[in-house]
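Peer 1: The sequence shown begins at 1 in my numbering and counts up by one. The structure's right below; bear with me while I get my questions together.
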Amino acid sequence: MNESEAKRRYDAACAIGREAGELARRMFEAREANTFVMKGHQDYLTEADGAVERLITGRINELFPDDFVLGEEGGGAIGENTWIIDPIDGTANFARGIPHFCVSIGFVSGGIRTAGIIANPMADEFYAARRGGGATLNGKPMKISGITDIRQSTVELGWSSRLPMSDYIAMVQRVTDTGAGFLRRGSGALALADVAAGRIDGYAELHINSWDIAAGLLLVEEAGGWGNDFFAGEGMTRGNPVLACVPALRAVLSKTTDIA
Ligand code: IPD
Numbered sequence: 001m002n003e004s005e006a007k008r009r010y011d012a013a014c015a016i017g018r019e020a021g022e023l024a025r026r027m028f029e030a031r032e033a034n035t036f037v038m039k040g041h042q043d044y045l046t047e048a049d050g051a052v053e054r055l056i057t058g059r060i061n062e063l064f065p066d067d068f069v070l071g072e073e074g075g076g077a078i079g080e081n082t083w084i085i086d087p088i089d090g091t092a093n094f095a096r097g098i099p100h101f102c103v104s105i106g107f108v109s110g111g112i113r114t115a116g117i118i119a120n121p122m123a124d125e126f127y128a129a130r131r132g133g134g135a136t137l138n139g140k141p142m143k144i145s146g147i148t149d150i151r152q153s154t155v156e157l158g159w160s161s162r163l164p165m166s167d168y169i170a171m172v173q174r175v176t177d178t179g180a181g182f183l184r185r186g187s188g189a190l191a192l193a194d195v196a197a198g199r200i201d202g203y204a205e206l207h208i209n210s211w212d213i214a215a216g217l218l219l220v221e222e223a224g225g226w227g228n229d230f231f232a233g234e235g236m237t238r239g240n241p242v243l244a245c246v247p248a249l250r251a252v253l254s255k256t257t258d259i260a
């Protein structure tokens, strides 16, 4: 895809992301307790997931009718130019009234992450990245942390009910045995944004879906970090393990998470 077409997608992602973040914020503030339903074990669904995704998909279809859209709730298809959307990442937090969630929109062209935005409306933080154009937080350039000693690092380790708890606990044990501190806050996209912003030093999860990471991995890469080859195999449609971190910690985190 040429530069001007890529820039059009980036500008659209920013505009749509801001509008979608605003809708998510309004719905969060207006939500009533316990209005969620469960899609599966520890897998929440709120009215906002559907409403925000419909808004984003509608806008993309109007502007780029030939592009493909893959969303967490509505599904879709992938092709040469694909938008990968998570309307609310951190749905469990949203559902229970915890203001740690975001809207994530990634655009992938020819298998390459090309543009991505993450809107965290409750913190008034807007992250954006364009391949080769750097990553920003509220318009200011972002850079990964300068941490090189694993004993000084903080790593977020994501969990879902898609894999056995014992696999997760074993990974937490191996990573923390190195001296790293760890978090688990329930939004993979925001964890990746925090790696890009230099607030934490790595994020790993043994299985995650492409809509959770499509924007965040580009943020990390454009802020100077390293991310694994997530779209390998059927990563885009079926998910894969994810590891993103400061390059200095790649070897130790690859070994202890078993994600290369
Ligand atoms: C989940 C979050 C969570 C991650 C899970 C995801 P959702 O996405 O990103 O942090 O650990 O793997 O499924 O359901 O909140 O969109």
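For each residue, glycine too, the CB sits at the ideal point set by N, CA and C.
Is Glu-5 near ligand 1 - that is, is its Cβ less than 7 Å away from at least one heavy atom of it?
Peer 2: No, since every heavy atom of ligand 1 falls outside the 7 Å radius drawn around the Cβ of Glu-5.
Peer 1: Quick check on the burial criterion: 16 or more other C-beta atoms within 10 angstroms. Buried or exposed for Glu-72?
Peer 2: Buried: at least 16 other Cβ atoms inside 10 Å.
Peer 1: For Glu-62, does the three-state DSSP call read helix, strand or coil?
Peer 2: The answer is helix: DSSP assigns Glu-62 an H, G or I state.
Peer 1: Answer yes or no: do Gly-158 and Gly-188 have a C-beta to C-beta separation smaller than 8 Å?
Peer 2: It is a contact, given that the beta carbons lie within the stated cut-off.
Peer 1: Please name the residue in Met-122, Arg-54, Ile-84 and Asn-2 whose C-alpha comes closest to that of Phe-28.
Peer 2: Of the listed residues, the one whose Cα sits closest to Phe-28 is Met-122.
Peer 1: For a test of the three-state rule: what should DSSP assign to Lys-7, helix, strand or coil?
Peer 2: Lys-7: helix per DSSP, three-state reduction.
Peer 1: Give a single yes or no on whether Ile-88 has its beta carbon closer than 7 Å to a heavy atom of ligand 1.
Peer 2: Because some heavy atom of ligand 1 lies under 7 Å away, the Cβ of Ile-88 counts as near it: yes.
Peer 1: Which value, in whole angstroms, describes the spacing of the CA atoms of Met-165 and Thr-91?
Peer 2: Those two C-alpha atoms are separated by around 20 Å.
Peer 1: Any contact between the stretch 241-248 and the stretch 190-209? By contact I mean 3 or more CB pairs, one from each, below 8 Å.
Peer 2: With a cut-off of 8 Å, the stretch 190-209 and the stretch 241-248 count as touching, because enough Cβ pairs lie within range.
Peer 1: From this set, Gly-58, Ala-48 and Arg-31, which residue's C-alpha is nearest Ala-261's C-alpha?
Peer 2: Any question about residue 261 goes unanswered here, given that the chain covers just 1 to 260.
Peer 1: Would you say the beta carbon of Gly-186 is closer than 7 Å to some non-hydrogen atom of ligand 1?
Peer 2: The answer is yes for Gly-186.
Peer 1: Rounded to whole angstroms, what is the Cα-Cα separation between Leu-183 and Thr-154?
Peer 2: Taking the straight line from one Cα to the other gives about 7 Å.
Peer 1: Return the Cβ separation of Ile-118 and Ser-109 in integer angstroms, given the expectation that the two are a contact with Cβ distance under 8 Å.
Peer 2: Not a contact, Cβ separation roughly 19 Å.
Peer 1: So is the beta-carbon of Gly-133 under 7 Å away from any non-hydrogen atom of ligand 1?
Peer 2: Flag unset: Cβ of Gly-133 not near ligand 1.
Peer 1: What first and last residue would you give for the beta strand (DSSP E) that runs through Ala-251?
Peer 2: Run containing Ala-251: none in the beta strand (DSSP E); it sits in the alpha helix (DSSP H), 250-257.
Peer 1: From Ala-30 to Pro-99, what does the alpha carbon distance come to, in whole angstroms?
Peer 2: Approximately 13 Å between the Cα atoms of the pair.
Peer 1: Is it true that the stretch 72-86 meets the stretch 203-214, where meeting means three or more beta-carbon pairs spaced less than 8 Å apart?
Peer 2: Counting Cβ pairs under 8 Å, three or more are found: they touch.
Peer 1: Using DSSP with H/G/I as helix, E/B as strand and the rest coil, what is Glu-262?
Peer 2: Since the first residue of the chain shown is 1 and the last is 260, residue 262 is not available in this structure.
Peer 1: Within the present structure, is the beta-carbon of Ile-208 separated from the nearest heavy atom of ligand 1 by less than 7 Å?
Peer 2: Yes; taking the cut-off as 7 Å, the Cβ of Ile-208 has a heavy atom of ligand 1 nearer than that.
Peer 1: On the DSSP letters alone, give me the boundaries of the beta strand (DSSP E) that Ser-104 sits inside.
Peer 2: Unbroken beta strand (DSSP E) run through Ser-104: 102-109.
Peer 1: Regarding Glu-205 and ligand 1, is the C-beta to nearest heavy atom distance less than 7 Å?
Peer 2: Yes; taking the cut-off as 7 Å, the Cβ of Glu-205 has a heavy atom of ligand 1 nearer than that.
Peer 1: Nearest to Gly-132 by CA position, among Phe-68, Ile-144, Leu-55 and Ile-112, is which residue?
Peer 2: Closest option to Gly-132, Cα to Cα, is Ile-112.
Peer 1: Answer with yes or no whether the minimum CB distance from Ser-104 to chain D is below 8 Å.
Peer 2: Absent here is chain D; the protein component of the structure consists of one chain.
Peer 1: So for Pro-141, helix, strand or coil by DSSP?
Peer 2: DSSP places Pro-141 in strand when its eight states are reduced to three.
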